[in-house]
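Shown next, in structure tokens, is the structure this report addresses.
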Ligand code: UDP
Ligand code: MG
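Numbering (this note's numbering), first residue to last: 3 to 328.
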């Protein structure tokens, strides 16, 4: 029996890119041995994206559309796509053609070989710019040092998973503060990578500012590592050792520590700075706990196109979903 590939595409203000994306992707999908469905998740776009998607859904029954009630973020859109996909395998990709649709042929070949998780690794990111490339390198170096699980640097939100792997993401990993790409890399299954060259955006602008990426990186570190929480212990031990050294010096020389107003003020500022940073880190972890506890939905669906009743519908309340931690 012919297998089906579900292609999940997150869309946020992509009215210019969508027609080009549909044309390019559809022609590749039609050349595949597998049947396909194209699942577009409209993440609360304010431009004409939803109208374009409705039109595509009318013309092509393989196009399915899920419209969110507001913007929930790229990851929430991918999660909704995974929840609603009915294919034997799912591919997540961006709508701006930075993820070349031609790779789908190679992905299907790997799926045939029995791979359950296929990570697409960027060899070059033409439009990212030096700053984004350097910060991305720094982020992966840091997270790989801090976390027990290891991440593939240059992995992207372009990946393919089997139905079995998708089931894991449907039932577990329903976290509010999350790193979907990281989960995909760490759920196991037979895994492989495919290298691809990220193209330039065909139209529009990147929705990820450096500020957004920074907040995302902090969340991810908290998501995968408890090490920052241990900073307090290390700082305490360091302060105690310093105090003891001064004490021994005072006793042995009977001269006393270097005295003076400036020394005391500098030491005070230094110690308080460490203290407040640690309190701040604990605060961030409490914020994560709080948002998990509130159990708000990851996404809210307002409309669906081309979904037959009962098929491909997934009850978000049963698995509870929420927007990312602000
Ligand atoms: N996107 C989304 N919701 C958002 C931001 C982005 O669904 O809040 C989509 C966007 O339409 C695109 C993909 O996520 O298809 C990746 O976004 P973008 O190209 O802006 O990120 P970059 O490639 O610059 O990292
Ligand atoms: Mg992009």
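Glycine included, each C-beta is placed from N, C-alpha and C at the ideal position.
By the criterion of a C-beta distance shorter than 6 Å, residue 9 is surrounded in its chain by 40, 93, once the five residues flanking it on both sides are discounted. The straight-line gap separating the alpha-carbon atoms of residue 58 and residue 91 is approximately 22 Å. Straight-line measurement puts the Cα of residue 269 at about 58 Å from the Cα of residue 20. Look at the region 158 to 232 and you find these whole runs of beta strand (DSSP E), each 3 residues long or longer: 193 to 200.
Residue state for residue 69 is assigned as strand, using DSSP reduced to three classes. The ligand UDP never approaches residue 48 closely enough for any of its heavy atoms to be under 8 Å from the residue's Cβ. For residue 37, the uninterrupted beta strand (DSSP E) segment begins and ends at 37 to 44. Residues 123, 124 of the same chain have their beta carbon placed closer than 6 Å to that of residue 156, with the five preceding and five following residues left out of the count. As summarised for the region 52 to 108, the continuous beta strand (DSSP E) elements at least 3 residues long and confined to that stretch are 65 to 70, 91 to 96, given in chain order.
The Cβ atoms of residue 14 and residue 46 sit closer than 9 Å to each other. The criterion of a C-beta distance shorter than 9 Å is satisfied by residue 98 and residue 204. With fewer than 16 other CB atoms across the displayed protein chains lying within 10 angstroms of its CB, residue 151 is exposed. Residue 7: member of the beta strand (DSSP E) spanning 6 to 13, first to last residue. Taking a cut-off of 8 Å for Cβ pairs, the region 167 to 185 and the region 65 to 73 do not touch, as fewer than three such pairs fall below it. Assigned with DSSP and collapsed to three states, residue 151 falls in coil, not helix or strand. Closest option to residue 214, judged by alpha-carbon separation, among 137, 62, 81: 137. Counting along the chain, no alpha helix (DSSP H) covers residue 305; the unbroken beta strand (DSSP E) around it starts and ends at 303 to 307. With 16 or more other Cβ atoms inside 10 Å of its own Cβ, residue 86 counts as buried.
Where residue 269 is concerned, the enclosing alpha helix (DSSP H) starts and stops at 263 to 296. Taking each of 245, 225, 52, 186 in turn and checking the Cα distance to residue 16, the smallest one comes out for 52. A residue is called buried once 16 or more other Cβ atoms fall within 10 Å of its Cβ, and residue 77 is buried on that count. Residue 161 is positioned such that its CB atom lies no closer than 9 Å to that of residue 212.
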